[in-house]
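Quick note on numbering: the UniProt record's numbering labels position 358 of the sequence shown as 358, and the sequence is numbered without any gaps. In this text, a Cβ means the ideal position worked out from N, Cα and C, and glycines have one as well.
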Amino acid sequence: MKPNKHKATHSAEREFGGALGATCIPVFLPLTVLYLLSVCRSPAASVLQWPPPLPPAAHLWDPLAAVLIVGWITLQSFLYLLPIGKVSEGLVLRDGSRLKYAINGFHALSITAVLLLVCLWLGMPLGYLFELILPLAVCAIGVSYLLSMYLYIRSFWAPQHALSLGGNTGNPLYDFFMGRELNPRIGDFDLKYFCELRPGLIGWVVINLGMLMKEVDLRGSPSLAMLLVNGFQLLYVTDALWNEEAVLTTMDIVHDGFGFMLAFGDLAWVPFTYGLQAMFLVVHPQSLSTLGAAGIILLNGIGYYIFRKSNSQKNQFRRDPTNKSVSQLETIATATGKRLLVSGWWGFVRHPNYLGDLLMALAWSLPCGMLHILPYFYVIYFTILLIHREARDEKQCRAKYGLAWDTYCRRVPYRIIPYIY
Ligand SMILES: NC(=O)C1=CN([C@@H]2O[C@H](COP(=O)(O)OP(=O)(O)OC[C@H]3O[C@@H](n4cnc5c(N)ncnc54)[C@H](OP(=O)(O)O)[C@@H]3O)[C@@H](O)[C@H]2O)C=CC1
Ligand SMILES: CC(C)=CCC[C@@H](C)[C@H]1CC=C2C3=C(CC[C@@]21C)[C@@]1(C)CC[C@H](O)C(C)(C)[C@@H]1CC3
């Protein structure tokens, strides 16, 4: 097939600060990961300390880290390819076809858990992940760069209908960042879907467990704060893999190309910044009262309930609006033939799932106390990400649904937090 070299398929409005943003972010975010990890392990854990506690270059590389990262991705690829679980279809693509996806993420998590338990039983020092964290992050960043370059190059051989609408402006840096191809596959192996849910997400909870084991090595037993952080984040990851099918209707799979943003986000950003709280607790132990812990568990429970119920309601409605769990809900018609929910969770605010997710994010940081800002990094970043994501989604929905979307916004005036935003 001839490469589709020169075609800018879409005069899409540029996101993330356009070409300048797309040039700076791939440099700035990897450095941010290394900076946050270094500060988190320092005694002061202060983002204001000057000079920042940067490690010498020699501490950034360890061949063992490279072996572990390559081995980890290979293991997760192997588990993804196992013929277990069911196969589900994604949404209809521009050419009218639907891709098939293996739904076996929960199996992959369970098998990984068994393998880890065996390794722990055999005496593997999982707490060593704490020492190895910077070289591991460097290797994961390296892999995300290599993968993005491969994705960019191979996209020139993809047919036009397989390209994303937002990542084909003709500007190489911007397209490299946003991703040209929508669903790059090697045979049946879907690279974007695999990266979104497997190596990074499961890697995140393994790193958390490593931090817990390090705490055990240092202090004899895990603290309540560490158990809460590990438990909450394990619940979040388990939920994502248990409800794996729902990811097929998210913006990333349906709309975004697979480029540096998602490759780096999935493989480096998620595993090395989402678990900063556990790493912080290794160096900065916190004592937590039973009442405090109960309040935090309640907050996480409420957040999880809102997050899960609202995501499941929309997913069910999009897959089968006649199902009795959603058929009674009030809806409005749109010119596309699709309907919009205006009652139930989606009549409460326009993004109830974001609200639940944010409440959980807060519950993950509170066990780290109130004296440092660093463990709150995830809440702050996530609030910015979701506000930006909401604005992107709103723009796409207005373009898709026109007047019907305006009617929905009038009926449900608040975006994420009732009476506030
Ligand atoms: N932990 C993390 O780092 C991140 C977590 N998330 C989480 O991922 C989950 C998915 O989020 P995301 O993909 O951004 O978006 P959503 O799951 O909120 O999906 C938005 C889409 O839902 C549909 N929709 C919107 N309003 C309605 C309505 N009233 N009735 C029916 N359908 C509607 C529209 O698509 P259409 O009409 O075409 O079906 C819209 O484009 C969220 O829970 C979010 O919190 C997201 C990003 C990062
Ligand atoms: C700063 C930067 C490079 C951002 C890239 C954004 C990505 C990190 C996130 C975009 C959407 C995501 C989702 C999840 C993880 C983070 C990324 C990849 C998700 C898999 C987390 C678990 C949830 O249950 C989810 C499946 C709903 C969610 C989907 C979106």
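Exercise. Would you say Met226 touches ligand 3, meaning its beta carbon is less than 6 Å from a heavy atom?
Worked result: Questions concerning ligand 3 fall outside what the structure shown contains, since the ligands it does hold are ligand 1 and ligand 2.
Exercise. Which term fits Lys314, buried or exposed, when burial requires 16 or more other beta carbons within 10 angstroms of its beta carbon?
Worked result: Counting every other CB atom within 10 Å of its CB across the protein chains shown gives Lys314 a total of 16 or more, marking it as buried.
Problem set entry | Residue span of the beta strand (DSSP E) that contains Leu340, given as start and end | It spans 339-341 - the beta strand (DSSP E) in which Leu340 sits, taken as one unbroken run.
Problem set entry | DSSP beta-bridge partners of Phe189 | Answer is Ile186.
Exercise. Is any heavy atom of ligand 1 found at a distance shorter than 6 Å from the C-beta of Cys397?
Worked result: Correct: Cys397 has its Cβ closer than 6 Å to ligand 1.
Problem set entry | DSSP three-state assignment for residue 468, whether helix, strand or coil | For residue 468 there is no data in the structure shown, the boundaries of the chain being 1 and 421.
For this session: Please report the residue range of the beta strand (DSSP E) in which Ile332 lies.
Result: For Ile332, the enclosing beta strand (DSSP E) starts and ends at 331-333.
Exercise. Are there 16 or more other CB atoms within 10 angstroms of the CB of Pro271, so buried, or fewer, so exposed?
Worked result: Within 10 angstroms of the beta-carbon of Pro271 lie 16 or more other beta-carbons, which makes it buried.
Problem set entry | Straight-line Cα distance separating Ala45 from Ile103 | Computed Cα separation, rounded: 40 Å.
Exercise. Excluding sequence positions up to five away, which residues of its chain have a Cβ less than 6 Å from the Cβ of Gln76?
Worked result: Shown here for Gln76: same chain residues with a beta carbon closer than 6 Å to its own, the five before and five after excluded, namely Arg198, Pro199 in chain order.
Exercise. Under a Cβ-count criterion, where at least 16 other Cβ atoms within 10 Å of its own Cβ denotes burial, should Asn183 be classed as buried or exposed?
Worked result: Under this definition Asn183 is a buried residue.
Exercise. Of the choices Asn208, Ser223, Thr32, Phe258, whose alpha-carbon is the least far from that of Leu165?
Worked result: For Leu165, the closest alpha carbon among the candidates Asn208, Ser223, Thr32, Phe258 is that of Phe258.
Exercise. Looking at the unbroken beta strand (DSSP E) that takes in Tyr128, where does it start and where does it end?
Worked result: That residue, Tyr128, is in no beta strand (DSSP E); it is neither H nor E in DSSP.
Exercise. What are the boundary residues of the beta strand (DSSP E) that Ser312 is part of?
Worked result: Here Ser312 belongs to no beta strand (DSSP E); instead the alpha helix (DSSP H) covers 290-319.
Exercise. Candidates Ser42, Ile332, Leu60, Pro30: which alpha carbon is nearest Tyr145's?
Worked result: For the set Ser42, Ile332, Leu60, Pro30, the Cα lying nearest the Cα of Tyr145 is the one of Pro30.
Exercise. CA-CA distance, Glu318 and Leu147?
Worked result: The sequence shown places Arg at residue 318, rather than the Glu named in the question. Straight through space, the alpha carbons of Leu147 and Arg318 are spaced by roughly 32 Å.
Exercise. Mapping DSSP to helix, strand and coil, what is Ile103?
Worked result: Three-state result, Ile103: strand.
For this session: Note down the Cα distance separating His10 from Ser155, rounded to an integer number of angstroms.
Result: Because the pLDDT of His10 is 49, which lies under 50, any placement of that residue in the model is unreliable, and the number read from its coordinates should be weighed accordingly. Cα to Cα, the separation comes out at about 15 Å.
For this session: Assign Trp157 to buried or exposed, taking buried as 16 or more other Cβ atoms, counted over all protein chains shown, within 10 Å of its Cβ.
Result: Exposed, by the Cβ-count rule.
Exercise. Is Trp269 buried or exposed, if buried means 16 or more other CB atoms sit within 10 Å of its CB?
Worked result: Trp269 comes out buried.
For this session: Assign Ser88 to one of three DSSP states: helix, strand, or coil.
Result: Reduced to three states, the DSSP call for Ser88 is strand.
For this session: May I have the straight-line CA-CA distance separating Ala361 from Gly301, to the nearest angstrom?
Result: The straight-line gap from Cα to Cα measures roughly 11 Å.
For this session: Compute every distance between the C-beta of Asp266 and the non-hydrogen atoms of ligand 2, then say whether any falls below 6 Å.
Result: At least one heavy atom of ligand 2 falls within 6 Å of the beta-carbon of Asp266.
For this session: Could you say which of Leu248, Gly356, Lys338 lies nearest to Leu386 if we only look at CA atoms?
Result: Gly356 is the residue among Leu248, Gly356, Lys338 whose C-alpha sits nearest the C-alpha of Leu386.
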